[in-house]
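Asks: Protein chains in written order, with our numbering: chain H, 1 to 549; chain A, 1001 to 1162.
This is the structure I have questions about; it appears just below.
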Amino acid sequence: MYQYDHYDQQLVDERVAQFRDQTRRYLAGELSEDEFLVLRLQNGVYIQRHAPMLRVSIPYGLLSSAQLRTLAHIARTYDKGYGHFSTRQNIQYNWPPLESIPDILADLAKVEMHGIQTSGNCIRNVTSDQFAGVAEDEVEDPRPYCELIRQWATLHPEFAYLPRKFKIAVTGSARDRAATQVHDIGLQLQRNAAGELGVRVLVGGGLGRTPIIGEVIREFLPERDILSYLDAILRVYNLRGRRDNMYKARIKILVKAMGAEAFAEAVEKEWQHTRNDPALQLADEDIARFKAHFPRPEYRTDVDTAAVDPLLDGNEAFKRWYTRNTVSHRQPGYRAVVVSLKSPAQAPGDATDAQMDAVAKLADRFSFGEARVTHQQNLVLADVAVDELEALWRDLDARDLATPNVGTLGDMICCPGLDFCSLANAGSIDVASDINRRFDDLDYLYDLGELRVNLSGCMNGCGHHSVGHIGILGVDKKGEEFYQITLGGSSANDASLGDRLGPAVSKDKVADTMETIIHTYTELREGEESFLETYRRVGVKPFKERAYA
Amino acid sequence: MPNLIRNRALVNDDPWLHLDDDDAVPTSGDVTVSWQRWQTEKGEIGALNGRLGVRLDGDFPIEELDTLLGLPLIVVHFPAFKDGRCYSHARLLRTRHDYDGEIRATGDVLRDQIAYMERCGINAFEIRKDRAAEEALKAFDEFSVDYQGRSNRAFPLQARRD
Ligand code: HEM
Ligand code: SF4
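Given below as structure tokens:
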């Protein structure tokens, strides 16, 4: 993975010193609340329901075992012994005292980590495919490009005070696992007819209160032009994005107002000035040097690929886990393992310090010392030899990290909701837990197949509810927690926004309603149809009729 | 108390007077006027025995930047520090138009933004009245490295740095 040189390190160290001084000035009354707010946000520090919240950046979701150990250490030393992995591949701590945050950032800097630009109206952490570099359907590894963009965006002087937050996602595979269509900018690496590498550029996607699917503004942009083109998009947005109303300030609103074509024209016009700027144009050596940071691991050539078969036959629990939680790999003899953070006993996406330490240790032992965070709030060990899978499974299982539910109804995406977030209308963690209790039969979950259930505690949509096959959104009805259910959303290649089932239901009815929806699906499905396929064939009507019968 | 920083130094004797749109133009001395006023009155004001600068804000269309290049001073106004539009104007003036006069920030200009402003090519800062310019000077030394470079020199990316 990418390793800091002295230059990167110096920048992060200086950032810690700067924030230490800003915190000191704030506590001494020299900085107003409003001024400090913006500064702390640009370092990932929110003030939430109970305490400050710290969001730590995990660039494109990639972690070394040493970094994961530091995340565990922070949970243990400064927080209450756990952290929350988010849909943006970051981690959040819910209880760090403000005075300790400079020390936490200093600890993070020692392992090449920080909270820079994890909130605020700036370019946020670049997200990507959790199977980057190992996916069978990959055109090109997105990580070097993510790192290039990360550096370009870090403390960018022109784009630090944008109209609103700005999120970029990059994918390099045929299957979009990075939700690029619902980001401010989505980049999809691909080759053109001449075999040259470039990206398809989408803009104006986003979730939140006005969810919108992004639109393609350029089918093919050569790789050397990625930064100059981003620069042009950001400049058009910085100058023209609305600043009078924060709910209309995202780039998606600008793109809708101008029309994608006019927006694209404005970008192209701006880009003509900069496309040959040597400070932005990527030379082949630049790209090669970034690529050299992501070599293929030294895979074993003596993997006993047959070793796993008898184990599968003899051990039903292992077989379930193997089937649900491991993924095929481009290297023969290897699989990528999804470490489920969706045990019904824990809030979705939460991990304790002991669990993080355990995964770090397992990463060292089985997966070249690296782990990844997925936007579905699980972890991944990307390079495990099949003859070691059983040993890994045993260790994960002992830590409650092997719930064999990946991709099923139990693998819910869920924001912190009313338990932690001061913007929340309703709880989300407890609803996830109700649903888990209701659907506790794994065989039944397997029979339901691929099912994405996403929960957000308010319309900001941190839990991606609008792109869930089933989306659950917390709303406030006269001080009571209600839930608006949507069906048919997706953030994959066939991206779509969910349709409203009908009036919001009360909290104690969510699990019942889920059950009705699921029964309707199992009755109506034809052959091997997934939930989404059935829904798209029959529409919302039959679900609505039964849910409100 | 001078609250002006130019080229990282405090300035005590700033000659510039910012005229409102209905202020009478003095017969001598250096003045700045709004872009709107400049467009309609530049002939008359140009007769003044002194230098003329123009003030613009985030609404200024970047296509017009090249009409300002002969001026010794361009003021970019930040009505609130969160309004980041004029970072773009400053950067374009320096990089696209090779403007080498003074670019001065006015308005909600605070210590914690001026290093970014400087990196976009702004070289003078009227620090908000209730804050000490001297304190703000410290901001320039907070970072010794960056990824994007100063506006007036192409800065190498990672691959080109040593
Ligand atoms: C607890 C503190 C949090 C606060 C105050 C917060 C605040 C917000 C707000 C205000 C928005 C809406 C932005 C807009 O519509 O322009 C938003 C969107 C979002 N947040 Fe959060 N959030 C929090 C936690 C999280 C967590 C834990 C996650 C991941 C699980 C997350 C991921 C996202 C995502 C993916 C979006 C949608 C992006 C988009 O609008 O395109 N946030 N958040
Ligand atoms: S969706 Fe709403 S409740 Fe959930 S974390 Fe985001 S802002 Fe908070």
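No residue lacks a Cβ here, since even glycine has one placed at the ideal position from N, Cα and C.
Quick check: does the Cβ of residue 479 (chain H) come within less than 6 Å of any heavy atom belonging to ligand 2?
Replies: By one-based count along the first sequence, residue 479 (chain H) stands at place 479. Every heavy atom of ligand 2 is 6 Å or more from the Cβ of residue 479 (chain H), so no.
Asks: Should residue 52 (chain H) be counted as a contact of ligand 2 given a C-beta to heavy atom distance under 6 Å?
Replies: Locating residue 52 (chain H) in the first sequence gives position 52, where the first residue counts as 1. No; taking the cut-off as 6 Å, the Cβ of residue 52 (chain H) has no heavy atom of ligand 2 nearer than that.
Asks: Name the residue from H:131, H:55, H:5 and H:123 whose alpha carbon lies nearest to the alpha carbon of residue 384 (chain H).
Replies: Walking along the first sequence from the start, residue 384 (chain H) turns up at place 384. For the residues H:131, H:55, H:5 and H:123, the minimum Cα distance to residue 384 (chain H) belongs to H:131.
Asks: Going by beta carbon distance, what residues of the same chain come within less than 8 Å of residue 42 (chain H), once the five residues before and after it are set aside?
Replies: Position 42 of the first sequence holds residue 42 (chain H). These residues qualify, in order along the chain: 116, 117, 119, 120, 122 and 160.
Asks: Report, in whole angstroms, the separation of the C-beta atoms of residue 392 (chain H) and residue 337 (chain H), which I expect to be a contact under 8 Å.
Replies: For the purposes of this step, residue 392 (chain H) is identified with residue 392 of the first sequence, where counting begins at 1. For the purposes of this step, residue 337 (chain H) is identified with residue 337 of the first sequence, where counting begins at 1. Sure, about 7 Å apart at Cβ, within 8 Å.
Asks: Do residue 509 (chain H) and residue 481 (chain H) count as a contact pair if the criterion is CB distance below 7 Å?
Replies: Counting from one through the first sequence, the residue named residue 481 (chain H) turns up at place 481. Counting from one through the first sequence, the residue named residue 509 (chain H) turns up at place 509. Result no, Cβ atoms of residue 481 (chain H) and residue 509 (chain H) do not sit closer than 7 Å.
Asks: Can you confirm whether residue 117 (chain H), when its beta carbon is compared against all beta carbons of chain A, has any partner nearer than 7 Å?
Replies: Reading the first sequence from its first residue, position 117 is the one you call residue 117 (chain H). Output row for residue 117 (chain H): interface = no.
Asks: Counting only C-beta atoms, is residue 46 (chain H) closer than 7 Å to chain A at any point?
Replies: On the first sequence, residue 46 (chain H) is found 46 positions in, with the first residue counted as 1. Not one chain A Cβ lies under 7 Å of residue 46 (chain H).
Asks: How about residue 212 (chain H) and residue 181 (chain H): do their beta carbons lie closer than 7 Å?
Replies: Translated into positions along the first sequence, residue 212 (chain H) becomes position 212. Translated into positions along the first sequence, residue 181 (chain H) becomes position 181. Against a cut-off of 7 Å, the Cβ pair of residue 181 (chain H) and residue 212 (chain H) comes out as no contact.
Asks: Does any heavy atom of ligand 2 sit closer than 6 Å to the C-beta of residue 460 (chain H)?
Replies: Position 460 of the first sequence, counted from the first residue, corresponds to residue 460 (chain H). For ligand 2, at least one heavy atom lies less than 6 Å from the Cβ of residue 460 (chain H).
Asks: I want to verify the contact list: residues of chain H whose CB lies under 7 Å from the CB of residue 1053 (chain A), in sequence order.
Replies: Walking along the second sequence from the start, residue 1053 (chain A) turns up at place 53. Within 7 Å Cβ-Cβ: nothing; residue 1053 (chain A) doesn't reach chain H, min ~22 Å.
Asks: Suppose only complete runs of 3+ residues qualify. What are the beta strand (DSSP E) ranges in the stretch 42–100 of chain H, listed by chain order?
Replies: The stretch 42–100 of chain H contains these whole beta strand (DSSP E) runs: 45–47, 52–56, 62–64, 82–85 and 91–93.
Asks: Would the C-beta of residue 416 (chain H) count as close to ligand 2, meaning under 6 Å from any of its heavy atoms?
Replies: One-based indexing of the first sequence puts residue 416 (chain H) at position 416. Correct: residue 416 (chain H) has its Cβ closer than 6 Å to ligand 2.
Asks: What residues from the stretch 1056–1071 of chain A come within 8 Å of chain H, judged by C-beta to C-beta, listed N to C?
Replies: Listed in sequence order: 1058 and 1062.
Asks: Buried or exposed: residue 75 (chain H), going by 16 or more other Cβ atoms within 10 Å of its Cβ?
Replies: For the purposes of this step, residue 75 (chain H) is taken as the residue at position 75 of the first sequence. Looking at its Cβ environment, which holds 16 or more other Cβ atoms inside 10 Å, residue 75 (chain H) is buried.
Asks: Give the range of the alpha helix (DSSP H) segment to which residue 511 (chain H) is assigned.
Replies: In the first sequence, residue 511 (chain H) corresponds to position 511, counting from 1. Residues 510–524.
Asks: Looking only at its chain, what residues have a beta carbon closer than 6 Å to the beta carbon of residue 1160 (chain A), apart from the 5 residues adjacent to it on each side?
Replies: Residue 1160 (chain A) sits at position 160 when you count from the first residue of the second sequence. In this prediction, residue 1160 (chain A) has a pLDDT of 48, which is less than 50 and means its spatial position is unreliable; what the coordinates show is noted afterwards. Within the same chain, residue 1160 (chain A) has no close Cβ partners at all.
Asks: Can you tell me whether residue 374 (chain H) is buried or exposed, with buried defined as 16 or more other CB within 10 angstroms of its CB?
Replies: As a first step, residue 374 (chain H) is located in the first sequence; it is residue number 374 there, counting from the start. Counting Cβ neighbours within 10 Å, residue 374 (chain H) comes out buried, since at least 16 surround it.
Asks: So is residue 1109 (chain A) in contact with chain H if we call contact Cβ pairs under 7 Å?
Replies: Position 109 of the second sequence holds residue 1109 (chain A). Answer no: the Cβ-Cβ gap between residue 1109 (chain A) and chain H never drops below 7 Å.
Asks: Any beta carbon from chain A within less than 7 Å of residue 336 (chain H)'s own beta carbon?
Replies: Translated into positions along the first sequence, residue 336 (chain H) becomes position 336. Not closer than 7 Å to any Cβ of chain A, the Cβ of residue 336 (chain H) fails to qualify, so no.
Asks: Check for me: the alpha helix (DSSP H) holding residue 323 (chain H) runs from which residue to which?
Replies: Counting from one through the first sequence, the residue named residue 323 (chain H) turns up at place 323. First-last of the alpha helix (DSSP H) with residue 323 (chain H): 316–325.
Asks: Quick one: give me the first and last residue of the beta strand (DSSP E) that residue 1010 (chain A) is part of.
Replies: Numbered from its first residue, the second sequence carries residue 1010 (chain A) at position 10. From DSSP, the beta strand (DSSP E) with residue 1010 (chain A) extends over 1009–1011.
Asks: If you measure beta-carbon to beta-carbon, which residues of the stretch 225–238 of chain H are closer than 7 Å to chain A?
Replies: Listed by position along the chain: 235 and 238.
Asks: Chain A partners of residue 273 (chain H), CB-CB under 8 Å?
Replies: Taking the first residue of the first sequence as position 1, residue 273 (chain H) is located at position 273. The answer, in chain order, is 1096.
Asks: Could you give the distance in angstroms between the alpha-carbon of residue 2 (chain H) and the alpha-carbon of residue 107 (chain H)?
Replies: Taking the first residue of the first sequence as 1, we reach residue 2 (chain H) at position 2. Taking the first residue of the first sequence as 1, we reach residue 107 (chain H) at position 107. If I take the Cα positions, the gap works out to 19 Å.
Asks: Is the distance from the Cβ of residue 331 (chain H) to the Cβ of residue 1147 (chain A) below 7 Å?
Replies: Walking along the first sequence from the start, residue 331 (chain H) turns up at place 331. Walking along the second sequence from the start, residue 1147 (chain A) turns up at place 147. Contact: no.
Asks: Which residues does DSSP list as the beta-bridge partners of residue 1105 (chain A)?
Replies: Locating residue 1105 (chain A) in the second sequence gives position 105, where the first residue counts as 1. In DSSP, residue 1105 (chain A) forms a bridge with A:1076 and A:1125.
Asks: In terms of alpha-carbon separation, which member of H:389, H:99, H:425 and H:136 lies closest to residue 318 (chain H)?
Replies: For the purposes of this step, residue 318 (chain H) is identified with residue 318 of the first sequence, where counting begins at 1. When each option's Cα is compared against that of residue 318 (chain H), the closest is H:389.
Asks: Interface residues of chain C around residue 160 (chain H) at Cβ under 9 Å?
Replies: Absent here is chain C; the protein component of the structure consists of chains H and A.
Asks: Note down, one range per segment and in chain order, each beta strand (DSSP E) of at least 3 residues found wholly within the stretch 343–400 of chain H.
Replies: The stretch 343–400 of chain H contains these whole beta strand (DSSP E) runs: 350–352, 370–373 and 379–385.
Asks: Tell me the rounded alpha-carbon separation between residue 178 (chain H) and residue 378 (chain H).
Replies: In the first sequence, the residue the question calls residue 178 (chain H) occupies position 178. In the first sequence, the residue the question calls residue 378 (chain H) occupies position 378. Straight-line Cα distance between these residues: approximately 14 Å.
Asks: Give the DSSP-derived three-state secondary structure of residue 183 (chain H) in the structure shown.
Replies: Numbered from its first residue, the first sequence carries residue 183 (chain H) at position 183. Residue state, collapsed to three classes: coil.
Asks: Using the Cβ count rule (16 or more neighbours within 10 Å means buried), how would you classify residue 323 (chain H)?
Replies: Translated into positions along the first sequence, residue 323 (chain H) becomes position 323. Under this definition residue 323 (chain H) is an exposed residue.
Asks: Would residue 1140 (chain A) pass as an interface residue toward chain H - the criterion being a Cβ-Cβ separation below 7 Å?
Replies: Your numbering for residue 1140 (chain A) matches position 140 in the second sequence. With 7 Å as the cut-off, residue 1140 (chain A) does not count as an interface residue toward chain H.
Asks: Following a CB-centred definition, is residue 457 (chain H) positioned closer than 6 Å to any heavy atom of ligand 2?
Replies: For the purposes of this step, residue 457 (chain H) is identified with residue 457 of the first sequence, where counting begins at 1. At least one heavy atom of ligand 2 is nearer than 6 Å to the Cβ of residue 457 (chain H), so yes.
Asks: Determine whether the Cβ of residue 7 (chain H) lies closer than 7 Å to any Cβ atom of chain A.
Replies: Here residue 7 (chain H) is taken as the residue at index 7 of the first sequence, counted from 1. Residue 7 (chain H) counts as touching chain A.
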